[in-house]
Amino acid sequence: MDMNEIKEIFFQECEEQLAELESGLLKLNDGDRDPETVNAVFRAVHSIKGGAGAFGLDDLVSFAHVFETTLDCVRSNRLEPNQDVLKVMLKSADVLADLTNAARDGGSVDEARSRQLIKELEALANGELPQAAAVEPVARPAPVAAPAPAPAAAPAVTDEGFQPVAFSFDEFEANEPPAIEPTTFEILFRPKSELYAKGNDATLLLRDLSRLGEMSIHCDMDGLPALGSINPEAAYFAWKISLKTDKGEESIRSVFEFAEWDCELEVTLAGDHAAPGEELPMQPVPFDLSMLDEEIPASAGAGEDDDQVAAQQREARDDAVSAAATASNVLQMAQTARAPAESNRSAASASAAQAAAQQAASAATPTIRVDLDRVDRLINLVGELVINQAMLSQSVIENDTNGTSSINMGLEELQQLTREIQDSVMAIRAQPVKPVFQRMSRIVREIADMTGKSVRLVTEGENTEVDKTVIDKLAEPLTHMIRNAVDHGLETPEKRVAAGKNPEGTVRLTAKHRSGRIVIELADDGAGINREKVRQKAIDNDLIAADANLSDEEIDNLIFHAGFSTADKISDISGRGVGMDVVKRSIQALGGRINISSKPGHGSVFTMSLPLTLAVLDGMVVTVANQTLVVPLTAIVETLQPEASAIHSFGASQRLISIRNSFCPLVDVGRILNFRATQANPVEGVALLVESEGGGQRALMVDAIQGQRQVVIKSLEANYTHVPGIAAATILGDGRVALILDVDAIVAASRGHSLKPEMSLAAAG
Amino acid sequence: MASRNTAKKSLKLAPVLDLNEATALHERLLSLKGAPVVIDASAVERIGTLCAQVLMAGARSWEEDRMSFTFAKVSDAFVKTTQLIGVDIAPLMAKEI
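Same order as they appear, the protein sequences are chains A and B. Under the working numbering, residues 385 to 1149 are what the first sequence spells out, in order. Under the working numbering, residues 1226 to 1322 are what the second sequence spells out, in order.
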């Protein structure tokens, strides 16, 4: 595994941590005060910081460190995570994500913004600690069992001792360690056996600790068994330490940074100037411990002058820290290799109990990372298998008339198996929409900030699963729609109050499965569509005639027309020339549909219906002018056999079919696709009632229905070239290629539009 | 201490008594059980917590057996480390040194 691969894993884990961070912060924002939520948030930032340090990503580390410090204030109840605080934290999470992305892909981040946030974060941490610097919180009123990890290179190390190799954490505050009155801390340190198993030695930790100030120590040997029953590699000693230092609690905790998960640690302030540990015999620790440094031979230390010793101490200390850091990283990497999802979590958990719980949780659902290409290859192969199986069945049926039941039974089983394999393979690609939804909360925050509106994003059904391709392509249209919803949909707080609404607007994002498709709804509780304005705009833009009689639904759907924007002024956020038409096209490109319903004064609901996968499709196989075509089943509302009395002529060439007292345009598919020159007789064929993009219905006329089956989509674009009116192709059981109809393009063509390439959907994956 | 000198066994500690040495040290100490023991820690340059634990467990077991368990010679590093980790070896120091 080379460094780049390890780095790649780190970034993948960063993404997970960032998602964790954001969802935790959002939970806190919703009033969740579970300490575990705070811990999870803290851990996420801490893990990113730790990993970033190992790769020398200084910007990321510095920001994460300040963020972490403020989070620690929340964790130790010194800072109440109210809305204002969380606002800053959510923004910080965004910047952290930006910094991570910049570190991975190059590029730059808004430095002014991150500097500003660093200031705000420090101010937050300072708010409760007026006498101490933000980065060096000292006064910790209550004992906190969970150790607060801090930078590895402790602030005690002055700038000349700074090592860029491992943990370049604290360059911006380590230079000037804040002056703190010497304070006496009481430290309880109880290592677990894991500490030693991981190559750490309590002796070294105590040595580092002793460097922070005046230390006296009591070793608790009560747990030590007799020699016969001792496990030489287990932990028995525990310590009570009294340490007078001017370096602050953070420096104490930083000594234990790489051991914090393998020990119990309590750091508390001793009573003011009280003699520590009266009840226990405390042994003072000698100040000069230089000969204990591994780098210095045991004989050294006698005749050296103080400066030299100090310098050596610093050096040795730094080396030890880098060594510890390296050891920790190696350990982490080893874990990464074994179970990537687990590694950072275990390294980041704040206490053993939590770590155990988490490991149990992740052990329950072990995961592996697989290249998407490999999955796609597998899916493609399974597609071929399905086709092959269909061909085999067909040729058996054609050739074997004796009906040997064993062959038929075998074929049926094979069919079932292939279907199961196909479903399972598809499930591999299926992923919850959660990451996309989570990204949206950031968009909402940013737009709300820019527009001065107060917005709350509510998401539901985040765990609804859909094909990865769909997820990937969903983010862009969804982002645009969210922007629109906040910018155009929601009113300003003043207007909302005037309308008797909560000044905080709500945008609701929901995902659910409905009849083999995923339905995503985006609802806002804003003013709804101003139909008068939309209509006027459409007339101004020559989209409709001034006297056109349009239904509410039709007016609402006008916003999907190209270049349509009702915002009075073009804002930064929306109205950049990319309108809802682009959204609609990208949804259609996914084989989806989008609809809007709006209630004046109550808001609008956009409903997107998308296929669960772009690899297979349930279709109706039909015949049109001796050609076999596939119509996506999702588009079909019903099928019917037209009667002569129901067919009416309309205008020169149009025909209507009367269905249950309403008229519906009849579309001759064979004619539109130029399969035949003259119109077919509707009575001889079958009409497929389809739902078209505007919500209106059309009757597609085909010659006959062959049946209904699941087909494997083969991209025409990838294998041949784009064909207007055709979405993709498939291979049928008899080995012939059948074209999959692009229903919306056909319907649009029937309205007089020609079959232009951009009108059709390129659905195939 | 002066008596039963003949039965005394001695153990010279290795210079580096780190985490890896704990098991070996444990075995060596166990093999010495049943007789008074004198530990020579004069060569010790480094001693970790695990080995310190084993030594202290040894001291206890010997005490239970009413046998003497003493450190004859100790290096500076050994003394300082035991002070650092709060282990008081003064009572175990051989009186004649």
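Built from N, CA and C at the ideal position, the CB exists for glycine as well. None of the values given here were measured: they were computed from a predicted structure.
- For the region 617-628 of chain A, the set of residues with a beta-carbon nearer than 7 Å to any beta-carbon of chain B comprises Glu617, Tyr620, Phe621 and Trp623, in chain order.
- Residues of the region 1268-1289 of chain B with a C-beta less than 7 Å from any C-beta of chain A: Glu1270, Arg1271, Gly1273, Thr1274, Leu1275, Gln1278, Val1279, Met1281, Ala1282, Gly1283, Arg1285, Ser1286 and Glu1289, listed in chain order.
- Three or more beta-carbon pairs separated by less than 8 Å link the region 815-824 of chain A to the region 841-861 of chain A, which places the two stretches in contact.
- Distance from Leu455(A) to Val425(A) at the Cβ level is roughly 6 Å; contact confirmed, criterion being Cβ atoms closer than 8 Å.
- Beta-bridge pairing by DSSP links Phe569(A) to Leu627(A) and Leu653(A).
- Against chain A, the beta carbon of Asp1313(B) has neighbours under 9 Å at Cys603, Pro665 and Gln667, listed in chain order.
- Remark: C-beta atoms of Ala477(A) and Leu405(A) approach each other more closely than 7 Å.
- In this structure, the CA atom of Ala1282(B) is about 41 Å from the CA atom of Ala428(A).
- Closest in C-alpha terms to Glu937(A), from the list Arg1082(A), Asn783(A), Thr567(A) and Pro984(A), comes Pro984(A).
- Thr894(A) has a beta carbon lying at 7 Å or more from every beta carbon in chain B.
- Within the same chain, Cβ atoms closer than 6 Å to the Cβ of Arg880(A) are found at Pro887, the five residues on either side in sequence being excluded.
- Close CB contacts of Leu942(A) within its chain, under the 6 Å cut and outside five residues either way in sequence, are with Val918 and Ala922 (chain order).
- For Asp1301(B), the secondary structure class from DSSP, reduced to helix, strand or coil, is helix.
- Residue contact with chain B for Leu649(A): absent (no Cβ-Cβ distance below 7 Å to any residue of chain B).
- For Ile1310(B), the nearest CB of chain A lies under 7 Å from its own CB, placing it at the interface with that chain.
- Taking 8 Å as the upper bound on Cβ-Cβ separation, chain A lies near residues Asp1243, Leu1244, Ala1247, Thr1248, Leu1250 and His1251 of the region 1241-1252 of chain B.
- The beta carbon of Ile571(A) does not come within 7 Å of any beta carbon belonging to chain B, so the residue lies off that interface.
- Annotation: the region 578-645 of chain A contains the following complete segments of the alpha helix (DSSP H) (minimum length 4 residues), in chain order: 586-594 and 633-639.
- Under the DSSP assignment, Val1312(B) falls outside any alpha helix (DSSP H); it carries neither an H nor an E label.
- Interface with chain B (7 Å Cβ-Cβ cutoff): Thr587(A) is included.
- Under DSSP, Phe1296(B) shares a beta bridge with Ile1264(B) and Met1318(B).
- For Ile902(A), not one C-beta of chain B is nearer than 7 Å to its own C-beta.
- Residues of chain B whose Cβ lies closer than 9 Å to the Cβ of Leu608(A) are, in chain order, Gln1278, Met1281, Ala1282 and Arg1285.
- In the three-state reduction of the DSSP assignment, Ile791(A) falls in the helix class.
- The straight-line gap separating the alpha-carbon atoms of Gly836(A) and Val966(A) is approximately 26 Å.
- When Cβ pairs closer than 8 Å are counted between the two stretches, the region 1006-1014 of chain A is seen not to touch the region 963-980 of chain A, the count staying below three.
- Pro1026(A) counts as buried, since at least 16 other C-beta atoms from the protein chains shown sit within 10 angstroms of its C-beta.
- DSSP places Gly437(A) in the helix class (H, G or I) of the three-state scheme.
- Bridge partners of Val1008(A) according to DSSP: Gln1011(A).
- Of the residues assessed, Tyr1104(A) falls on the exposed side of the cut-off, its CB having fewer than 16 other CB atoms within 10 angstroms.
- Between Val891(A) and Ala859(A), the beta carbon gap of about 16 Å keeps them out of contact (Cβ cut-off 8 Å).
- For a Cβ distance threshold of 8 Å, residue set Leu611 and Gly612 of chain A lies close to Leu1255(B), ordered along the chain.
- Listed in chain order, the non-local C-beta contacts of Ile1089(A) below 7 Å within the same chain comprise Met1004, Val1006, Thr1023 and Val1070, local neighbours out to five positions each way being set aside.
- Taken in chain order, the unbroken stretches of beta strand (DSSP E) that lie wholly in the region 1055-1089 of chain A and span 3 residues or more are 1070-1075 and 1081-1086.
- By the rule that beta-carbons nearer than 7 Å mark a contact, Leu590(A) touches chain B.
- Excluding five sequence positions before and after Gly511(A), the CB atoms of its chain that fall closer than 8 Å to its own CB belong to Leu463, given in chain order.
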